[in-house]
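There are 4 protein chains.
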Amino acid sequence: MPSPTMKALRKARPDRGAQLESIPVPSIGPNDVLVRVRAASICGTDLHIYEWDAWSQSRLRPPLTFGHEFCGVVEKIGDEVAGFAPGDFVSAEMHVNCGHCLPCRLGEGHVCENVRIIGIDVDGCFAEFVRIPARNVWKIDPSIPVHYAAVMDPLGNAVHTVLAGPVAGRTVAVTGCGPIGLMSIAVARAAGASTVIATEVNAYRRELATKMGADAALDPAAGDVVAQAKDMTGGDGVDVLLEMSGHPEAIHQGLAMLRPGGRASLLGIPRGPVTLNLFDDVIGKGVVVQGIFGRRMFGTWVEMTALLKSGRLNLEPLFHERLPIENFQQAFELLEAGRANKVLLFPNGFVD
Amino acid sequence: MPSPTMKALRKARPDRGAQLESIPVPSIGPNDVLVRVRAASICGTDLHIYEWDAWSQSRLRPPLTFGHEFCGVVEKIGDEVAGFAPGDFVSAEMHVNCGHCLPCRLGEGHVCENVRIIGIDVDGCFAEFVRIPARNVWKIDPSIPVHYAAVMDPLGNAVHTVLAGPVAGRTVAVTGCGPIGLMSIAVARAAGASTVIATEVNAYRRELATKMGADAALDPAAGDVVAQAKDMTGGDGVDVLLEMSGHPEAIHQGLAMLRPGGRASLLGIPRGPVTLNLFDDVIGKGVVVQGIFGRRMFGTWVEMTALLKSGRLNLEPLFHERLPIENFQQAFELLEAGRANKVLLFPNGFVD
Amino acid sequence: MPSPTMKALRKARPDRGAQLESIPVPSIGPNDVLVRVRAASICGTDLHIYEWDAWSQSRLRPPLTFGHEFCGVVEKIGDEVAGFAPGDFVSAEMHVNCGHCLPCRLGEGHVCENVRIIGIDVDGCFAEFVRIPARNVWKIDPSIPVHYAAVMDPLGNAVHTVLAGPVAGRTVAVTGCGPIGLMSIAVARAAGASTVIATEVNAYRRELATKMGADAALDPAAGDVVAQAKDMTGGDGVDVLLEMSGHPEAIHQGLAMLRPGGRASLLGIPRGPVTLNLFDDVIGKGVVVQGIFGRRMFGTWVEMTALLKSGRLNLEPLFHERLPIENFQQAFELLEAGRANKVLLFPNGFVD
Amino acid sequence: MPSPTMKALRKARPDRGAQLESIPVPSIGPNDVLVRVRAASICGTDLHIYEWDAWSQSRLRPPLTFGHEFCGVVEKIGDEVAGFAPGDFVSAEMHVNCGHCLPCRLGEGHVCENVRIIGIDVDGCFAEFVRIPARNVWKIDPSIPVHYAAVMDPLGNAVHTVLAGPVAGRTVAVTGCGPIGLMSIAVARAAGASTVIATEVNAYRRELATKMGADAALDPAAGDVVAQAKDMTGGDGVDVLLEMSGHPEAIHQGLAMLRPGGRASLLGIPRGPVTLNLFDDVIGKGVVVQGIFGRRMFGTWVEMTALLKSGRLNLEPLFHERLPIENFQQAFELLEAGRANKVLLFPNGFVD
């Protein structure tokens, strides 16, 4: 009997682009879950993979089904799996930690020394089906809309960053308004931030920042954002910096607008080394700088689910095109043109 | 030249009641500020003083002007005072800490070993003027409404309790819906609590709890509130308990509805010793129980001001009668009858 | 072929005592490790089981091999086990958490809602061999002596309790000097406590407390230990309480000797409800009370291993008799008579 | 009547060197304390002032009595001062915070926005007498030796840095072994660090590092200290970095040897901007970087006093020459030659 096949968006060769292929549906081991993908969302990383940039070339080993943001329905469970059943609505933590290294043993699996990422190191979710270790599957309340459930991976980055310290009654700067930056604005407001100041060079994204709840969306190209932020905070500077751009200039500005004793949480990934005014901006101000990576397993998922379920997050402004997976080329072109935020792909025929 | 006089509501004698008297306007020292009281609010403690209960008899030394919740306008400042000027709109931290004891030296002045409370140990704010050490005066943004500014003392208790640990994306129980409990509901929601469950025996207060934003207001007399709270949290129990009643039964219920690893913040003052299931409810569940007293100086004030200024707290359901200070008897009777929450007294003629 | 057998100390029937029996060596599953027991240590809980007290009657289902403190050598590993090999020197976390409940998902597996304890709920380590899920096995540096490795379970309780908050440069009270209390004294000193004050009614244990490094070992039967502790701390009270007795009187005294803003970590298990002066001792002092249960998985193990490996803990005064498992009756009698602290049993013939 | 005079070591003119002059004994205000200096210690900053480097030129306004590390005896107190009396043995926090700015209000006076430093902005302790605001004076237990009491300022830097997070049972790297780095080694060991790895290019200081308790003192010029530190920590990297040098190379090495999820506390002051591998060393590893400045007021002083009083810190290897203040030139030359660590000056005639 031939094994059943499925559609999958593949990086087949080490060059630009991707191919929609028919490949066997993944077989699962005793501790795995097979999920039928309902909707998948395209990450900036996926665009890098599509474009085959330097990072992709150094990390990926084609052929590979990529994609790591999604939601779906459990199709089949392995023999040893407890707690899931076919039909469950789920998403998944796509960072698979080893469980053995020191960070894992300390409960810090999000910085596992041997992490493997589904959709980067092994086949991902741009397909009709994806195989996930049961430990990484996350059951979702059916009241959470499909398009929100499809972006829990980046939303988790935002929640991890925002809630890495106190936010209620505090002033917050968000430097960089890509999707995770925009989500952070919504999360910060839901968590009681008194003022949210966004900085972003792209006018379209500044507009979105305002829609997501920012009190101000400042343009670093048009004025002194540090002075503006200080002005908006009575001269003190912001209590919290959420750095979402990875751009050296934004990192400088963010740290400069932080008050003494403030918190800086850095999620944006710089492309190279960054030069800091380490005394003026960190040491002399007694600032705490946190590196943020991934999502806490699974504290972040618990918090995020609770925020979504209670209806405290309005993410609607983030969503744009919804396309059948066959139209993937159109999706990547939209993203390359900077004309879209979250584009959803539907590999199983229905688009909603 | 005779010293100027003012109206003051006094506990003149060690028995029930109070007297409106004419006494000299307080003189101030080099580090003091004289404030013209705009509005004063009556605390449950003031009712105890009015009724001259056991605690009042043991603590107060009449004659005394009582009252410790208020806002007003700076009338005069001492020679050494910097940072304030006549005309400033202010409230004040009425716990005056010594600055010398170990807790004070450790930055925990809210549990100072030598605290003196204005309105209890020295003359308070139920008067046209009140004298406050400059260090304890808190400048208020003029955008904050007078009736909100008058209740920053109890609101600070609520903010201190709610923000003593993480709240965003967490389920919260509030046991006891007096004014501070009700305020805590609003603060917890503003800080991103996903579900707020209130318990309260008084039907009127349960109704207020819902108006303040509670998802459920449960009646312990009518059913098993522990089972109800567990049911509302998927069987796990709540993440956070805010104990606002001081009643042993509510403390039991609150701790029983807390999940393993949860946080219990206790502000309500029990009248006597309390018997706990210390293993089942605290030790075996790995729970953290925090005693909460007063307001952090002045972290709580900073947070509270930011929340108020950004319009994140709707406290309107709390307010009831607004009376000239001459009608104090009516005010205390309303409170004794349980027919009012926050009653405001206006000692300077205008009522708004 | 008959399956191999082994000696095991069994609770064969629901009454007092225990029996040394010959039973099959446990078979292991794909994720298990079989450990040859080198030395096992007797816990107070084991004495309760031996005596068949009310708690034992309610929890245990004989027949059962009991015992949950031990070290040994890996004999065999399951097919899926990575990271261990026969010959490894190991101990184990005997609380097996479910991995699925909310506390487990939040990284707080030590308060798992479905915990099963090896030696209480399933067969334990008073035997030649014990089966342990690989995830719970802990590799030990060969430089750590056998008798120390055998008590990592209770030592982990002590480390969990002491390091649940800052200790360096702080004054510490330890109420109750059973084995875990005594270990806590050594851990607190290793962690930089400036003064360690122990309280204990038993003179022999007070002597041991001094040997373990306590600056004072006070007798609650002989004087006012609260006044003595305050006197030793300049009138302020201690910064940290480590409650190790579970006795209501000791809990009272411990909380009363704690300074405002102090930390109380409760590990001792009271036999029934405990009445507290909740306002005077907790709320009004702004104290934090932590319930402590088990050991953090596996942060506590990491810390404990580092402390042992670096030679910072001298536990010698704790150890007493070392007996072949055949002499178990003598061991339990020694413990019942209060004439021993940690008694080690050797099930595999050699005693050292 | 002429005012009494005293000897004072002055920066009289804006150029290299210093002058011993006779100037009036400072008069004190109502909230000040006049202290007769028993011993003063020379900081690296004092050497910069002596040498009149770029920083000194930008900050100091001669004429000025410099010096900010000392102990002494209370000579006279202002009219409003409580808690001190002539004869008290004291040291002092020389950072005078304003009490009004946001950090001060939040209890973070060590990062006050308007700090004035005694010995830099106003007359300091290289004199027979020094004037200190009462709030900044710190009473010392007479059991603490004079030479230890004289270095509480830098020791406080070390204690602030080491105790800014957990240390017990953790591996610690100290990059840079000047006096504060050396003190940090002693503090880390007293606080239970399992392994302390020091890095330092100067052979004499490496020898001192070992005397202070470092398990290893590595020479960055002689080998790959990152690889060596990883090797000493089983390949994981250290749990805690205490950066004491301010040198970009040491900062790189320190961050590179830190494990994922580790803590980096930076006290050393870089001379200019520093380029970091922000993703590899901070973001991707989920590391927390703390800027450390000054000493917590007065939590650090409480901890430091407790550690000193309990005899847990052996600082003897740090001390070198003890000279009458008249020999100041010899003292600065010793320091310039790198041949001394802490040199003590005695302005009041007796040297011990």
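Chains as they are written, first to last, in this note's numbering: chain A, 1 to 352; chain B, 1001 to 1352; chain C, 2001 to 2352; chain D, 3001 to 3352. From the three backbone atoms N, C-alpha and C, an ideal C-beta is built for every residue, glycine too. Quick caveat: nothing in here was measured; it's all calculated off a predicted structure.
Which of helix, strand or coil does DSSP assign to residue i?
| i | result |
| --- | --- |
| D:A3082 | coil |
| B:A1127 | strand |
| C:W2138 | strand |
| A:A354 | The structure shown has nothing for residue 354 of chain A, since chain A only spans 1 to 352. |
| D:A3018 | coil |
| C:R2105 | helix |
| B:K1285 | coil |
| C:R2259 | strand |
| B:A1191 | coil |
| B:G1359 | Any answer about residue 1359 of chain B is impossible in this case: the structure gives chain B only from 1001 up to 1352. |
| D:H3147 | helix |
| A:I113 | Looking at the sequence provided, one finds Glu at residue 113 of chain A rather than Ile. A:E113: coil per DSSP, three-state reduction. |
| D:S3091 | strand |
| C:R2013 | coil |
| D:H3252 | helix |
| A:T233 | coil |
| D:V3167 | coil |
Looking at the strands, I want to know which residues DSSP matches up with residue i.
| i | result |
| --- | --- |
| B:P1133 | B:D1032 |
| C:C2071 | C:A2039 |
| A:T199 | A:T175 and A:L218 |
| D:T3065 | D:R3010 |
| A:D243 | The question names Asp, but residue 243 of chain A in the sequence shown is Glu. For A:E243, which the question treats as bridged, DSSP gives the partners A:T175 and A:L266. |
| A:P24 | A:T5 |
| C:Q2057 | Answer is none; C:Q2057 lacks a bridge partner. |
| D:G3291 | D:L3266 |
| A:V96 | A:R116 |
Using a Cβ cut-off of 8 Å (strictly closer), state whether residue i contacts chain C.
| i | result |
| --- | --- |
| B:R1105 | no |
| A:F438 | It is not possible to answer for residue 438 of chain A, since the shown part of chain A is limited to 1 through 352. |
| A:H100 | yes |
| A:G254 | no |
| D:R3312 | yes |
Taking residue i and residue j to be in contact with their CB atoms under 8 Å, please state how far apart those CB atoms are, rounded to whole angstroms.
| i | j | result |
| --- | --- | --- |
| B:V1343 | B:E1321 | 5 Å |
| C:I2077 | C:V2033 | 5 Å |
| C:N2031 | C:V2096 | Contact flag wrong, Cβ pair sits at about 11 Å. |
| A:L241 | A:T175 | 7 Å |
| B:S1265 | B:T1161 | 5 Å |
Does residue i have its Cβ less than 8 Å from a Cβ in chain D?
| i | result |
| --- | --- |
| B:F1298 | yes |
| A:T171 | no |
| B:V1302 | yes |
Counting contacts by CB-CB distance shorter than 8 Å, is residue i in contact with chain A?
| i | result |
| --- | --- |
| B:V1115 | no |
| D:D3153 | no |
| D:I3283 | yes |
Is residue i close to chain B? Criterion is C-beta to C-beta, closer than 8 Å.
| i | result |
| --- | --- |
| A:A190 | yes |
| C:H2068 | no |
>> Assess contact between the segment 3237-3256 of chain D and the segment 3274-3288 of chain D, defined as three or more Cβ pairs (one per stretch) separated by less than 8 Å. Is contact present?
In response: yes
> Do three or more CB pairs link the segment 2145-2159 of chain C to the segment 2063-2077 of chain C at distances below 8 Å?
Replying inline: yes
> Can we say the segment 260-272 of chain A touches the segment 3107-3123 of chain D, given the rule of at least three CB pairs closer than 8 Å?
Replying inline: Output reads yes: the segment 3107-3123 of chain D touches the segment 260-272 of chain A.
> Should the segment 3207-3222 of chain D be called in touch with the segment 3177-3197 of chain D, which here means at least 3 C-beta pairs below 8 Å?
Replying inline: Put simply, the segment 3207-3222 of chain D touches the segment 3177-3197 of chain D. At least three CB pairs are less than 8 Å apart.
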